[in-house]
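Asker: Numbering that gives the first Met the number 0 puts the first residue of the sequence shown at 0, with every later residue one more than the last.
Heads up, the beta-carbon is just placed ideally off N, CA and C, and yes, glycines get one too.
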Amino acid sequence: MSTTEKVRWTSADLESLADNGNRYELIEGELVVTRAPDWKHQKVTNNVCVELTNWSRQTCLGEAVQVPGLIFTDADNVIPDVVWVSYERLAQILDESGHLAGAPELVVEVMSPGEANEKRDRQSKLKLYSVQGVREYWICDRIQQKVEVYRRENGILKLAMTLFKEDNLTSPLLPGFSVSVAELFA
0 MSTTEKVRWT
10 SADLESLADN
20 GNRYELIEGE
30 LVVTRAPDWK
40 HQKVTNNVCV
50 ELTNWSRQTC
60 LGEAVQVPGL
70 IFTDADNVIP
80 DVVWVSYERL
90 AQILDESGHL
100 AGAPELVVEV
110 MSPGEANEKR
120 DRQSKLKLYS
130 VQGVREYWIC
140 DRIQQKVEVY
150 RRENGILKLA
160 MTLFKEDNLT
170 SPLLPGFSVS
180 VAELFA
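Right, here's the structure in full:
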């Protein structure tokens, strides 16, 4: 009888992979390889980051960044589309080499088409961000033009609301922040 053992990837393994335009992530030691996002995906990502950046410049409370690497553990390295982190938290989680080695307050994923992508964002990444302490998680579905907002409740991220293009996105995490969902998908 033979037993198939699952390969467990680590951060060191990622360093040996070719820089060929693919995005490499680790979730619970499992390697996830995706192609670079398409133009429409990047446009939504940019719109979200611009809105968060504009708000951040007005409030001086933190920073938004596109496609940062989050190195939670040796087996959990992901590249979300956008993060927002307060200056206070940034000082705690930025490591010596300039990587985020902890959970930012807000993570945003713009969902790419396909069942595997949807499952990864709504299950694997939701679980990972919840376990690691992310306070709020937005999933932007550009096909259906909706934003699912997950907020930390009793120690886990739970779906708080689903917003559509006629709604405004606000957050208790970001005092005074408000943007039309339609603008995010414009």
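How far does the beta strand (DSSP E) with Gln65 in it reach, from first residue to last?
Answerer: Here residue 65 corresponds to residue number 66 of the sequence shown, with the count starting at 1. Here the beta strand (DSSP E) through Gln65 covers 61 to 65.
Asker: Can you give me the C-alpha to C-alpha distance between Met160 and Val180, rounded to a whole angstrom?
Answerer: Position 161 of the sequence shown holds residue 160. Position 181 of the sequence shown holds residue 180. Each residue's alpha carbon lies about 13 Å from the other.
Asker: Along the chain, where does the beta strand (DSSP E) that runs through Glu182 open and close?
Answerer: As a working mapping, residue 182 is identified with position 183 in the sequence shown. Note, Glu182: premise wrong, no beta strand (DSSP E); alpha helix (DSSP H) at 180 to 183.
Asker: Between Glu104 and Arg88, which are expected to be in contact by the criterion C-beta below 8 Å, what is the C-beta distance as a whole number of angstroms?
Answerer: Numbered from 1 along the sequence shown, position 105 holds the residue referred to as residue 104. Numbered from 1 along the sequence shown, position 89 holds the residue referred to as residue 88. Right, the Cβ-Cβ distance comes to about 6 Å (below 8 Å), so this counts as a contact.
Asker: Could you compute how far the alpha carbon of Thr169 sits from the alpha carbon of Trp137?
Answerer: Position 170 of the sequence shown, counted from the first residue, corresponds to residue 169. Position 138 of the sequence shown, counted from the first residue, corresponds to residue 137. Roughly 11 Å between the two C-alpha positions.
Asker: Near Gly20, which residues of its chain fall below 6 Å by C-beta distance, leaving aside the five closest residues on each side in sequence?
Answerer: Here residue 20 is taken as the residue at index 21 of the sequence shown, counted from 1. These residues qualify, in order along the chain: Ala35.
Asker: Helix, strand or coil for Val133 per DSSP?
Answerer: Within the sequence shown, residue 133 is the residue found at index 134, counting from 1. Reduced to three states, the DSSP call for Val133 is coil.
Asker: Give the straight-line distance between the Cα atoms of Leu30 and Val66, rounded to the nearest whole angstrom.
Answerer: Here residue 30 refers to the residue found at position 31 of the sequence shown. Here residue 66 refers to the residue found at position 67 of the sequence shown. Rounded to the nearest angstrom, the two C-alpha atoms are 18 Å apart.
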